[in-house]
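Peer 1:
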Amino acid sequence: MLLSGLNIPDEIFLKKQEHFHEIISMCDNMNVAMKYSLYFDRIDLIYHLLSNNIQFIQSELQILQKKALESVEKLKIPITKSRLAFGVCDPYGVLKPGEVYFRPTFNGRQFMIDSKICFVAKSPSYHLGDIRVLKLTSYQQLEHLYDVIVFPTKGQRPHPNEIAGSDLDGDKYLICWDNDLIPKQTNKPMNYNSTAKVQESEFITRKEMISHFANAQKTNQSGIIDNYYNYWANLLGVNSTQCRRLAELFSEAVDAPKTGQKIRIPAELKPPRKEEEQQQQLNNEMTSIQPVQDNNQPNTNNNNIEKKEFVWIKMLNNAKKFKEEFQIKLINENQFKSLSKETLLN
Numbered sequence: 015m016l017l018s019g020l021n022i023p024d025e026i027f028l029k030k031q032e033h034f035h036e037i038i039s040m041c042d043n044m045n046v047a048m049k050y051s052l053y054f055d056r057i058d059l060i061y062h063l064l065s066n067n068i069q070f071i072q073s074e075l076q077i078l079q080k081k082a083l084e085s086v087e088k089l090k091i092p093i094t095k096s097r098l099a100f101g102v103c104d105p106y107g108v109l110k111p112g113e114v115y116f117r118p119t120f121n122g123r124q125f126m127i128d129s130k131i132c133f134v135a136k137s138p139s140y141h142l143g144d145i146r147v148l149k150l151t152s153y154q155q156l157e158h159l160y161d162v163i164v165f166p167t168k169g170q171r172p173h174p175n176e177i178a179g180s181d182l183d184g185d186k187y188l189i190c191w192d193n194d195l196i197p198k199q200t201n202k203p204m205n206y207n208s209t210a211k212v213q214e215s216e217f218i219t220r221k222e223m224i225s226h227f228a229n230a231q232k233t234n235q236s237g238i239i240d241n242y243y244n245y246w247a248n249l250l251g252v253n254s255t256q257c258r259r260l261a262e263l264f265s266e267a268v269d270a271p272k273t274g275q276k277i278r279i280p281a282e283l284k285p286p287r288k289e290e291e292q293q294q295q296l297n298n299e300m301t302s303i304q305p306v307q308d309n310n311q312p313n314t315n316n317n318n319i320e321k322k323e324f325v326w327i328k329m330l331n332n333a334k335k336f337k338e339e340f341q342i343k344l345i346n347e348n349q350f351k352s353l354s355k356e357t358l359l360n
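Numbering (my numbering), first residue to last: 15 to 360.
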């Protein structure tokens, strides 16, 4: 969603979704099997694949195929030129602001990245400024570090803090050097410094601790905010005022257990109730069949929202269609195999 909001063309995402045909051939194609073994962090399967023992791990590949099929509706697309890695700070202070160091490995061997820029992000992210485009650089002092993202310790603000307000206490980041997906423009990162004061007490009892954790679970609003964000994003896009305000609320909700702040979601950020939504849909349908207005007459119907089919909705529809067709294909193949066995036995 956020990359689309940063003007990455829809065609790029739809083209990346062509990985569907790879899922079908995963159990027969060694290169595809290797790609998905890395994607699902099954390094143990790589040895057999490199030894050309694809038949030996057929059952394991079928499990990966099933996982890949389950992930298509979550719009998880394997991007070869990307990694999920821990973030660390530059221990030598050689990195400048706007730079990042990353040296990935493949099959235990380091390799050079064929790009000079990348974007770094973190999940979950709701603000367009959470995606940071940084310069990939190399320093001799850092060459012993691999499979970790090294951030600079210089600058007015730490880059990890710019990325969804994260820090380097074990957070993992997505780093991507696929030029098709790197935004040409970025938004200013959001300020994640909470203004709410942390509630402190000289002496905290066990009862207060239990009550605090129980209430923190009960009053946690982050899941609700996530649902509301997705609703408005699907309706109006991630650039909408509703999404921007919910992104700010989500940050406050994450810090609420520490600050004690009570998160209240304004009524205008809540999706309409089912009855209102159905009535609005009925009104839209009635409007669509009314006689055409005179062009000279003012259009007073400002309540109708022009709905756009955003790229992630198109991708979701593609994923559902593929999953349904592939499941039918598997059922037919299993039925054919059963019939073949019965024929042989008879």
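Note that the Cβ used here is the ideal one computed from N, Cα and C, for glycine as well.
Please read these numbers as outputs of a predicted model, since none were measured by experiment.
In angstroms, rounded to a whole number, what distance separates the CA positions of residue 147 and residue 225?
Peer 2: C-alpha separation (whole angstroms): 42 Å.
Peer 1: In terms of residue numbering, what span does the beta strand (DSSP E) encompassing residue 187 cover?
Peer 2: Residue 187 -> beta strand (DSSP E) spans 186-190.
Peer 1: Spatial neighbours of residue 254 within its chain, please: C-beta separation below 8 Å, excluding the five flanking residues on both sides.
Peer 2: So the qualifying residues of the chain are 246, 247.
Peer 1: So is residue 27 buried or exposed if we call it buried at 16+ other beta carbons inside 10 Å?
Peer 2: It counts as buried.
Peer 1: For residue 72, does the count of other Cβ atoms within 10 angstroms reach 16, so buried, or fall short, so exposed?
Peer 2: So residue 72 counts as exposed.
Peer 1: Among residues of its own chain, excluding the 5 on either side of residue 31, which ones have a beta-carbon nearer than 7 Å to its beta-carbon?
Peer 2: Only 91, 329, 332 meet the Cβ criterion.
Peer 1: Going by other Cβ atoms of all chains shown within 10 Å of its Cβ, with 16 needed for buried, is residue 280 buried or exposed?
Peer 2: Answer is exposed; the Cβ neighbour count stays below 16.
Peer 1: Closest to residue 194 by CA distance: which of 96, 142, 42 is it?
Peer 2: The option with the nearest alpha carbon to residue 194 is 96.
Peer 1: Quick one: give me the first and last residue of the alpha helix (DSSP H) that residue 270 is part of.
Peer 2: Where residue 270 is concerned, the enclosing alpha helix (DSSP H) stretches over 255-273.
Peer 1: In whole angstroms, what is the alpha-carbon distance linking residue 319 and residue 143?
Peer 2: Because the pLDDT of residue 319 is 43, which lies under 50, any placement of that residue in the model is unreliable, and the number read from its coordinates should be weighed accordingly. Each residue's Cα considered, the two are about 26 Å apart.
Peer 1: Using the rule of at least 16 other Cβ atoms within 10 Å of the residue's Cβ for burial, across every protein chain shown, is residue 53 buried or exposed?
Peer 2: Buried: at least 16 other Cβ atoms inside 10 Å.
Peer 1: When DSSP builds the beta bridges, which residues end up paired with residue 102?
Peer 2: Beta-bridge pairing links residue 102 to 164.
Peer 1: Please give me, in chain order, every unbroken run of the alpha helix (DSSP H) with length at least 4 that falls completely inside the stretch 27-67.
Peer 2: Listed in chain order, they are 34-39, 44-53, 57-64.
Peer 1: Using the Cβ count rule (16 or more neighbours within 10 Å means buried), how would you classify residue 228?
Peer 2: Answer is exposed; the Cβ neighbour count stays below 16.
Peer 1: Could you have a look at residue 227 and say whether DSSP puts it in helix, strand or coil?
Peer 2: Here residue 227 sits in helix by DSSP.
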